[in-house]
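A quick write-up on the structure given underneath.
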Amino acid sequence: MSKNRIITLLTDFGLSDVYVGVIKGTIAQINPQVKVIDITHDIPAQNIAAGRFCLMNAYAYFPTETVHIAVVDPGVGSSRRGVAIQCANCFLVGPDNGLFSGVLSRESALALAKRSEGKPSKRIAIVELTNPQYWRTTQPSSTFHGRDIFAAAGAHLATGVRLEELGDAIDPASLVQLQIPNCAVTATGIVGCVQYCDRFGNLITNIPEHCIKSNNWSVKIDRISDTISIPSGKTYSDSKPGDLVAIIGSEGWVEISVNGGSAQSVLKLEFGAIVKLVFDFNN
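According to the working numbering, the sequence shown holds residues 20 to 302 in order.
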């Protein structure tokens, strides 16, 4: 049955070259009626962790059965697999390099919650994109699978082609997992890490709001020469201009910010840097 599912695009291609336009042209050749929405094309080049984070935080805002084509693919042309994934709430198309691990962790948690409530939940189904009938060409470029395989396969999915027609089924346990450290809750606080830095220089941690058990808390950063203590606030303006503040961001993660500035520029922290959230139960 013909469908017109929404397609989203997330890449590290930027907009100064023709790559994004060519992908959209490939999709339009297969299904000119499909709606294509750009999530972002400004993922830092080859930064799979940033792509994982952005897709994980964006996908839930789209209708069920949206096809998310994501291409942050430093291993293009190598032995890494191209995959299509059907979850309860969406389809994912792109390289098997950990890019989808954030979405899949959330989808797995939602399915587990449903089962614990006695409600039915769909199993995740995955295929390797081995059927060239649904590629743009049977001789894809070794440097542009986004155009020749992922865009074409995603467009066919959006039109209603069944997942299993795109290739061979694979075990979900065999997917590459991007290793993001879990935050650890202690009696006095939470130990986490930086998982993303946005264009404003906000350092977004992997500490979720629901783990915070006190209304009074601060963040500490241990450096070689000293320890920086950052007070918590509700908004960026809860600190003086130029001062650091720790807040809960719009997606429910603890983030470190500077009022009117860049926390990343001030602290020089990168992906994986350790962050400690400390409870103050005396106030």
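Even for Gly, the Cβ is constructed at its ideal location relative to N, Cα and C.
About 7 Å separates the Cβ atoms of L296 and G211, confirming a contact at the 8 Å cut-off. Counting only residues of its own chain and dropping the five nearest sequence neighbours on each side, G280 has a CB closer than 6 Å to the CB of G261. In the DSSP secondary-structure assignment, F298 is bridged to W236. Going by DSSP, G117 is part of no beta strand (DSSP E) at all; its letter is neither H nor E. DSSP, read as helix, strand or coil, puts N225 in strand. When the beta-carbon positions are compared, N108 and E270 stay at least 7 Å from each other. Restricted to the segment 136-198, the alpha helix (DSSP H) segments that are unbroken, complete and at least 4 residues in length are 171-178, listed in chain order.
For I267, there is no enclosing alpha helix (DSSP H); the enclosing beta strand (DSSP E) has its first and last residue at L263 to I267. In this structure, G96 and S161 form a Cβ contact; the two beta carbons are roughly 4 Å apart against a cut-off of 8 Å.
T30: not part of any alpha helix (DSSP H); member of the beta strand (DSSP E) spanning I26 to T30, first to last residue.
For V102, the enclosing beta strand (DSSP E) begins and ends at G101 to Q105.
Relative to P227, the option among V264, S237, E274 and S244 whose CA is nearest is E274. In this structure, the alpha-carbon of N116 lies about 19 Å from that of L185. In the three-state reduction of the DSSP assignment, E126 falls in the helix class, which pools H, G and I. Among the bridge pairs identified by DSSP, T83 is matched with none. If you look at G211, you'll find it in the beta strand (DSSP E) that goes G208 to C216. I25 and F81 do touch by the CB rule: their CB atoms are close to 6 Å apart, below 8 Å. Residue burial is scored here from C-beta neighbours: A188 has fewer than 16 other C-beta atoms within 10 angstroms and is therefore classed as exposed.
By the Cβ test, the segment 167-177 is in contact with the segment 36-45, since at least three Cβ pairs between them sit closer than 8 Å. In this structure, the CA atom of V39 is about 20 Å from the CA atom of A103.
Among the bridge pairs identified by DSSP, C109 is matched with T85. Minimum Cα-Cα distance from G33 among the listed residues E147, N225 and A64 corresponds to A64.
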